[in-house]
Amino acid sequence: MPQPTPSGGIRSRAAQVYDKLTTKHGWLGDYDYAWLCAPTLPFTLPGRSKEKRRRTSPPFYALDSDLPLLLAVTSGLQHALAMLAGLITPPIIFANALNLDNEMSAYMISASLIGSGILSLVQMSHIRLFRNYYLGTGLLSVVGTSFSTLSTADAIFDAMYADGTCPTTTAADGTVIKGACPDAYGMVLGTSLVCSLLEIFMSFVPPRTLKRIFPPMVTGTVILMIGASLVGSSGIPDWGGGSNCEGRPTSGEYQLCPDIYAPRPAAWGSPEMIGLGFLSFISIILTELFGSPFFKNVSIIVGLAVGCIVAGAAGYIDGSSITTAPAITFLWVHTFKIRVYPPAILPMLAVYVSVAMEAIGDITASAEVSRVPVDGEEFDSRIQGGVLSDGIGGFMSALFTVAPLSIFAQNNGVIAVTRCANRNAGRFCCFFLILFGVLGKISGVFLAIPNPVLGGVTTFLFASVAVSGIRVLSYNRFTRRDRFVLAAALSFGIGDLLVPDIFSYLFNGIKHPNKGLQGLFDSITIILTTPFLISGIVAVVLNLILPQEDTPHDDDDVEVLDVEADTPGPKKD
């Protein structure tokens, strides 16, 4: 058969582009846009037949199928909006923890959005490097700041304020007030850059070996503890008004939330603060109940929007962050002193191990909803390419002045509902993320969101992360051995959550003149006081040393029978 000439191939490609841009089918295709945008009437759904619901379901668009332009743009925007809350939350929390000014905080949000858009394009590729090694998953995989980084950075920042790396002052009533410390963020970036080499190395370990070392028992425990710890350390404190005023100090600028200079300040946990957060939270629930498929996937943004509208009308929003934000911005408008903080090395290495574990689970979920094989050589290459891209993304994101970026799970729900796994939609998602980041005023708007509104939304978001961990744990058979491993791991994780300072004083009496050894002590303290790190380490070790059980132990049945025998009421036949 004669091969087409290069010029013929170019003309054919140009004709395809022309048809795509000038025909109704090229713009709209056969997709049911009414289904995507129509609100749900939950009380009428039971009366609809399964056949009718099946007929109204839209077609499925595979990874590289011909996608209508309007659907590519719509689905890409939906993916971007679904990611938005998860992308803006970490920089806002970092900035609040380090007391950075509005200008620096707005830049960090913009950098997060731009970096996510650029590195998501790399993750969606599937470039063959050499032999059977690839870069990227080849799926609609998007990246964002890992919440494991967020949880660990909180402990690292506390250590920096404790050892004098960051400045503090003591108020008249004894309250310790943390000063602005942008250098701490630079140290986290520098440490992250160096530690990213570990995940790059892990990407060349056979995926089957990684899955044996980090089975669902380990990954589920880690994800569960990440979500639970963030609810307590960030979500709920913000819901009450903000972490700075959580202790209700009797003097200083944080007597009221978010501070005494705010338009309508109130005490932490006051009805005004709780009410704003609850309004955002209930908006998410109502969107899930009545919203269209499009809005259900961006319910977090709906909650933020409703909360901000009411807060703005009631006078709670300070618009200074919007007015001071630049109209256009990009990476490196602001920079940080990138250095390595030795006590953070071990915790950050553990973060990259957890990031690799999350990546494996997220890639598997993306492959399932994208209807591609979840085993075999092709799938293993996606795992390997995704982990490698994650490691390189961690290295590059530090250079982008962004905390480590790793694969996000949010887009899997969007794929499942819209039935669109096409990578062209992912590319439009990246375009929107970069656009949102470049338009600096958008970052100013995000920064103006009142803490209670943000807290009401992020509490739900972080709780969703914990539920994802429970779902991963459900893959286990829960033999006696599995229950033992999980109980031992959660003993440390839940203990850290409920009594956060139990390990904080472990090495207080040891002040070694050797800075290296002192840094090791500080590293161990950070690991022990970070719930997901210590519980993950315990789960990995016990999973490797305890022998597997082929079948559930007989004791399992005995325990169930005993419970039933002791339960009052009629016995079962």
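Just so we're aligned: 342 in the UniProt record's numbering is position 342 of the sequence shown, and the numbers increase by one with no gaps anywhere. The beta carbon of each residue, even a glycine, is placed where N, CA and C say it ideally should be.
When DSSP labels each residue in this structure, what does Phe330 get in the three-state scheme? Residue 330 sits at position 330 when you count from the first residue of the sequence shown. Note: Phe330 maps to coil in three-state DSSP.
In terms of DSSP beta bridges, what is Cys420 paired with? Indexing the sequence shown from 1 puts residue 420 at position 420. DSSP, once it has assigned bridges, lists Tyr61 as partnering Cys420.
Using 8 Å as the cut-off, can you tell me whether the segment 413-427 makes contact with the segment 79-94, which would need three or more C-beta pairs spanning the two stretches below that distance? yes
Strictly by DSSP, which residues pair up with Ser406? Walking along the sequence shown from the start, residue 406 turns up at place 406. In the DSSP output, where bridge partners are listed per residue, Ser406 has Gly144.
Figure out for me which residue from Ala466, Cys245, Cys166 has the closest Cα to the Cα of Gly269. Taking the first residue of the sequence shown as position 1, residue 269 is located at position 269. Gly269 has its Cα closest to that of Cys245, out of Ala466, Cys245, Cys166.
With burial defined as no fewer than 16 other Cβ atoms inside 10 Å of the residue's Cβ, what is the status of Phe290: buried or exposed? Residue mapping note: residue 290 aligns to position 290 of the sequence shown, counting from 1. Phe290 comes out exposed.
Can you list, in chain order, the residues of its chain with a C-beta nearer than 7 Å to that of Gln396? Leave out the 5 residues immediately preceding and following it. Counted from its first residue, the sequence shown places residue 396 at position 396. The sequence given here has Met at residue 396, not Gln. Taken in chain order, the residues that qualify are Leu119.
Given a threshold of 16 other Cβ atoms within 10 Å of its Cβ, counted over all protein chains shown, does Asn411 qualify as buried or as exposed? Looking up residue 411 in the sequence shown gives position 411. Classification for Asn411: buried.
Report back the beta-carbon spacing between Tyr107 and Val333 to the nearest angstrom; my notes put them in contact at under 8 Å. Start at 1 with the first residue of the sequence shown, and residue 107 comes out as number 107. Start at 1 with the first residue of the sequence shown, and residue 333 comes out as number 333. Tyr107 to Val333, Cβ: 6 Å. Contact.
Taking the Cβ atom as the reference point for each residue, do Thr530 and Ala155 lie within a distance shorter than 8 Å? The count along the sequence shown starts at 1 and reaches residue 530 at position 530. The count along the sequence shown starts at 1 and reaches residue 155 at position 155. It is a contact, given that the beta carbons lie within the stated cut-off.
Are the CB atoms of Ser366 and Thr137 nearer to each other than 8 Å? Position 366 of the sequence shown holds residue 366. Position 137 of the sequence shown holds residue 137. Closer than 8 Å, so yes.
Whole runs of the beta strand (DSSP E) within the segment 54-142, excluding any shorter than 3 residues: 127-130, 133-135
Distance between Val122 and Ile407 (C-alpha atoms, nearest Å): As a working note, residue 407 is residue 407 in the sequence shown. As a working note, residue 122 is residue 122 in the sequence shown. Roughly 11 Å separates the two Cα atoms.
Cys430, buried or exposed, once every other Cβ within 10 Å from all chains shown has been counted against 16: The count along the sequence shown starts at 1 and reaches residue 430 at position 430. Cys430 should be labelled buried.
In its own chain, which residues sit with a C-beta less than 6 Å from the C-beta of Pro237, not counting the 5 before and 5 after it? The count along the sequence shown starts at 1 and reaches residue 237 at position 237. Excluding sequence neighbours, Pro237 sits near Ser243, Glu246.
Please classify Gly179 as buried or exposed, where buried requires at least 16 neighbouring CB atoms within 10 angstroms. Residue 179 sits at position 179 when you count from the first residue of the sequence shown. Answer is exposed; the Cβ neighbour count stays below 16.
Backbone secondary structure at Cys181 - three-state DSSP: Within the sequence shown, residue 181 is the residue found at index 181, counting from 1. Reduced to three states, the DSSP call for Cys181 is coil.
Pull up the distance between the alpha-carbon of Ser491 and that of Ser292, whole angstroms please. Reading the sequence shown from its first residue, position 491 is the one you call residue 491. Reading the sequence shown from its first residue, position 292 is the one you call residue 292. Each residue's Cα considered, the two are about 42 Å apart.
Every unbroken beta strand (DSSP E) within the segment 272-342, with a cutoff of 3 residues, ordered by chain: none
Any idea what DSSP makes of Leu388, helix, strand or coil? Looking up residue 388 in the sequence shown gives position 388. If DSSP states are grouped into helix, strand and coil, Leu388 belongs with the helices.
Contact under 8 Å by Cβ, Pro342 with Thr149: For the purposes of this step, residue 342 is taken as the residue at position 342 of the sequence shown. For the purposes of this step, residue 149 is taken as the residue at position 149 of the sequence shown. No; because the gap between Cβ atoms is not below 8 Å, this pair is not in contact.
Cα-Cα separation, Ala153 to Val374: Residue mapping note: residue 153 aligns to position 153 of the sequence shown, counting from 1. Residue mapping note: residue 374 aligns to position 374 of the sequence shown, counting from 1. C-alpha separation (whole angstroms): 33 Å.
Apply the 10 Å Cβ neighbour rule to His25 and answer buried if 16 or more other Cβ atoms are within range, or exposed otherwise. In the sequence shown, counting from the first residue as 1, residue 25 sits at position 25. With fewer than 16 other Cβ atoms within 10 Å, it is exposed.
Let me know if Gly84 comes out buried or exposed under the rule of 16 or more other beta-carbons within 10 Å of its beta-carbon. Residue mapping note: residue 84 aligns to position 84 of the sequence shown, counting from 1. The question names Gly, yet the displayed sequence has Leu at residue 84. Leu84 comes out buried.
In angstroms, rounded to a whole number, what distance separates the CA positions of Tyr254 and Leu533? The sequence position of residue 254 within the sequence shown is 254, counting from 1. The sequence position of residue 533 within the sequence shown is 533, counting from 1. Those two C-alpha atoms are separated by around 31 Å.
Per DSSP, Ala153 is paired with what? Taking the sequence shown and counting its residues from 1, one reaches residue 153 at position 153. None; Ala153 has no bridge partner.
To which residues of the same chain is Asp566 closer than 8 Å at the C-beta, ignoring the five residues directly before and after it? One-based indexing of the sequence shown puts residue 566 at position 566. Any reading at Asp566 must be qualified, since the residue scores a pLDDT of 41, below 50, and its modelled position is unreliable; the value itself is stated next. Answer for Asp566: no residue qualifies.
For Ala539, I'd like the list of residues in its chain whose CB is within less than 7 Å of its CB, leaving aside the five on either flank, ordered along the chain. Against the sequence shown, residue 539 aligns to sequence position 539. Once the five neighbours on either side are set aside, the close Cβ partners of Ala539 are Met217, Val218, Thr221, Val485, Ala489.
Enclosing beta strand (DSSP E) for Gly168 [first to last residue]: Here the question's residue 168 lines up with position 168 in the sequence shown. Before going further, note that residue 168 is Thr rather than Gly in the sequence given. 168-170 is the extent of the beta strand (DSSP E) around Thr168.
Please list the terminal residues of the continuous alpha helix (DSSP H) segment that includes Pro207. Indexing the sequence shown from 1 puts residue 207 at position 207. Run containing Pro207: 207-213, per the alpha helix (DSSP H) assignment.
Does the beta-carbon distance from Ile109 to Ile92 come in below 8 Å? Indexing the sequence shown from 1 puts residue 109 at position 109. Indexing the sequence shown from 1 puts residue 92 at position 92. Contact: yes.
Could you pull out every residue in the same chain whose Cβ sits closer than 7 Å to the Cβ of Pro39, ignoring the five residues on either side in sequence? The residue given as residue 39 occupies position 39 in the sequence shown. These residues qualify, in order along the chain: Phe290, Gly291, Ser292.
Comparing C-alpha positions only, which one of Val465, Val414, Ser468, Tyr505 sits nearest to Phe60? In the sequence shown, counting from the first residue as 1, residue 60 sits at position 60. Ranking the options by Cα distance to Phe60, first place goes to Val414.
In the DSSP assignment, find the unbroken alpha helix (DSSP H) run with Arg248 in it and report its ends. Stepping through the sequence shown from its first residue, residue 248 is reached at position 248. Counting along the chain, Arg248 falls outside any alpha helix (DSSP H), and DSSP gives it neither H nor E.
Where does Ala262 fall in DSSP's three states? As a working note, residue 262 is residue 262 in the sequence shown. Note: Ala262 maps to coil in three-state DSSP.
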